[in-house]
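*Asks:* Numbering-wise (UniProt numbering), the sequence shown opens with residue 1 and increments by one.
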Amino acid sequence: MVTVFGIKNCDTIKKARRWLEAHGIDYRFHDYRVDGLDNELLNSFIAELGWEALLNTRGTTWRKLDEATRNSITDANAAGALMTEMPAIIKRPLLWTPGKPMLLGFSESSYQQFFNEV
Numbered sequence: 001m002v003t004v005f006g007i008k009n010c011d012t013i014k015k016a017r018r019w020l021e022a023h024g025i026d027y028r029f030h031d032y033r034v035d036g037l038d039n040e041l042l043n044s045f046i047a048e049l050g051w052e053a054l055l056n057t058r059g060t061t062w063r064k065l066d067e068a069t070r071n072s073i074t075d076a077n078a079a080g081a082l083m084t085e086m087p088a089i090i091k092r093p094l095l096w097t098p099g100k101p102m103l104l105g106f107s108e109s110s111y112q113q114f115f116n117e118v
């Protein structure tokens with residue numbers, strides 16, 4: 001079963017979910033705000049994708065942080081602590097299927113390629 005991780009009010013999540021539904025792909029949606037985000041799960045994301053890829057430095061949540069906080073995010077531990085505290089700062093969507101590499105972000109072409117390989 002495919003799991004899509006993110007937050008429900010994100011426009012990119014909405015696009016990804018519409019794409020999955022239009023292509024008849026069953027999935028489970030995991031909303032960080034509703035379903036939570038534990039350290040074990042986050043650490044598995046960081047181990048596979050790297051904290052730099054997961055940290056959304058282009059979004060509103062990052063831009064609202066003060067400069068000192070932004071400058072303090074220099075390694076996986078600091079980034080993980082921030083992502084646990086503020087899950088909206090995690091790039092999304094994150095697509096996970098057991099036994100396959102995770103896919104971060106959304107584009108129709110990357111989803112098409114991902115699901116052609118399933």
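Glycine included, every Cβ here is placed at the ideal spot set by N, Cα and C.
According to DSSP, is Leu-20 helix, strand or coil?
*Replies:* Residue numbering aside, residue 20 sits at position 20 when the sequence shown is read from its first letter. Looking at Leu-20 - three-state DSSP - the assignment turns out to be helix.
*Asks:* Hey, Val-34 and Ala-16: beta-carbon distance below 9 Å or not?
*Replies:* For the purposes of this step, residue 34 is taken as residue 34 along the sequence shown, with counting starting at 1. For the purposes of this step, residue 16 is taken as residue 16 along the sequence shown, with counting starting at 1. Cβ atoms of Val-34 and Ala-16: not closer than 9 Å.
*Asks:* Exposed or buried, Ala-68, counting other C-beta atoms within 10 Å across all chains shown (16 or more means buried)?
*Replies:* Within the sequence shown, numbered from 1, the residue matching residue 68 stands at position 68. So Ala-68 counts as exposed.
*Asks:* How close, in whole Å, do the beta carbons of Lys-8 and Asp-31 come, if the pair is a contact with beta carbons under 8 Å?
*Replies:* Counting from 1 along the sequence shown, the entry for residue 8 is found at position 8. Counting from 1 along the sequence shown, the entry for residue 31 is found at position 31. Confirmed, about 5 Å.
*Asks:* Pull up the DSSP beta-bridge partners for Val-2, would you.
*Replies:* Along the sequence shown, one-based indexing puts residue 2 at 2. Answer is Tyr-27, bridged to Val-2.
*Asks:* What does DSSP give as the partner residues of Leu-94 in its beta bridges?
*Replies:* The sequence position of residue 94 within the sequence shown is 94, counting from 1. Per DSSP, Phe-5 and Leu-104.
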